[in-house]
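My numbering puts the first residue of the sequence shown at 67, with every later residue one more than the last.
Just so it is clear, CB atoms sit at the ideal spot from N, CA and C, and this is done for glycine as well.
Shown next, in structure tokens, is the structure this report addresses.
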Amino acid sequence: MKIRYRPVGCRSVPEKPAKVPPARVVRIIESARTALQKANRAMVPGYVALLETAQGAWVSQALYVAAKLGIADELADGPKTADQVAAKVGGHPDSVFRLMRMLAGRDVFRQLQDGRFELAAMGQALRADAPGSLRPMVLFIGSPEHWAEWGELLYSVQTGRPSPEKLYGKSYFEHLDEAPEQAAIFNDAMSTMAAMANETVIPAYDFSKFKLIVDVGGGHGRLISAILRSAPTARGVLFDLPSVVAGADPVLAEAGVAHRCAVEGGSFMDSVPDGADAYVLKSIIHDWDDDISEKILRNVRTAIAPNGRLLLLELVLPERATANWGAVLDMEMLVSPGGRERTRAEFANLLARCGFRLTRVVDTATPMMSIVEAAPA
């Protein structure tokens, strides 16, 4: 079976990681935000709060259409009427107005007194050319193919199996191998999220203590480039499928680390380069169920140096249900690839079965990513 996993895009590497607030500050803000959300829901009858929540799918599709048409880009240079926007994007004027009015109510746009619309802060992130643009992720979430996969959530909950098995008769990644347009949408979305994650991981962890760092499933090398820039005496190995690492040279060269980073093609389902004192797997393990995850981790255990460290860059779920968006992403893992997000305890158990012991979990400046550090047991 051919295994495909996410390559990250070949975007330019920033000169310096973005300045991010301390993880402790982010956690305080997140807790306050969660409390305010709960208070907001408590102020209305339960059926009203439930109805508002159930309408979330409609909002998602409205964002998708706005992103697909490029409405935010049309507002980048200032306020415009819906008719002006519709003429530029090729939409029905009244329907474009109604779409923009709906999204203005969700703080994506703002409607001015004269009836024109302008971008709100959220809408800025929908622009294709905005730093940290989330347009690729919105296009992925709302795409017809992904919409169909979530339409089979009932199947996944009843069977425990990912919906692509029912829709396509194969796994999600096998489907992407045969659907280049959807694969491009997926890869653009993952590249966007990778860029955001990299900017928070590098300030949170000291990579300079390692001599040789292997980035397992590292795509075109954006992460290993950032790591090596933060650890000027370390050497790196970028490891991914041959067809993926074929596009790594420009990224490594632009980052100025090509002379310190070897590139190897292969599948982590078979083996990984051996002898390194650090193995980094970013957003890999959550794509897979426990059986396949154990296979990957055992391959790393075979290769790692005796005093080495395994670094899983993953979302770590809280032990109890909260408003943490990780629980939503966990359902995405169930529906599409058949993987799962995990709690600290679940990571510890998984690692123990593969010959590792969990040493610590390092928070970053985003709840989307933590660093799960483990050592050979």
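Check	Outcome
Under the three-state reduction of DSSP, which class applies to I137: helix, strand or coil?	helix
Is it buried or exposed for T258, if we count other Cβ within 10 angstroms and need 16 for buried?	buried
Can you tell which of G181, A321, L205 has the C-alpha that lies nearest to the C-alpha of S296?	A321
Taking 6 angstroms as the limit between beta carbons, can you name the residues of its chain near E215, skipping five residues before and five after?	S229, V401, S402
Return the chain-ordered list of same chain residues with a C-beta closer than 8 angstroms to the C-beta of L242, the five sequence neighbours on each side being excluded.	R70, Q248, A249, F252
If you scan the segment 387 to 429 from start to end, which runs of the alpha helix (DSSP H) of 4 or more residues do you find wholly inside it?	392 to 401, 410 to 419
Does the Cβ of E218 have 16 or more other Cβ atoms within 10 Å, making it buried, or fewer, making it exposed?	buried
Confirm, please, whether the CB-CB distance from A186 to A196 is below 9 angstroms.	no
Taking all protein chains shown into account, do 16 or more other C-beta atoms lie within 10 angstroms of the C-beta of A443, making it buried, or fewer, making it exposed?	exposed
According to DSSP, simplified to helix, strand and coil, what is K154?	helix
Run the CB neighbour count on K277, radius 10 Å, all protein chains shown included, and call it buried at 16 or more, exposed below.	exposed
Kindly indicate which three-state DSSP category K236 falls into: helix, strand or coil?	coil
From M335, L377, T147, pick the residue whose C-alpha is nearest to that of A440; which is it?	L377
Helix, strand or coil: how does DSSP classify R176 here?	strand
Cutting at 7 angstroms between CB atoms, please list the residues of its own chain near H325, excluding the five before and the five after it.	none
Per the DSSP calculation, S126 is bridged to which residue(s)?	Note: S126 sits in no beta bridge, so no partner.
In this structure, does DSSP put E244 in helix, strand or coil?	coil
Note down, one range per segment and in chain order, each alpha helix (DSSP H) of at least 4 residues found wholly within the segment 256 to 344.	288 to 296, 308 to 311, 315 to 321
When burial is assigned at 16 or more other CB atoms within 10 Å of the CB, is G235 buried or exposed?	exposed
Would you call the CB atoms of A133 and R172 closer than 9 angstroms?	no
Counting Cβ pairs closer than 8 angstroms, one from the segment 367 to 385 and one from the segment 328 to 347, do we hit at least three?	yes
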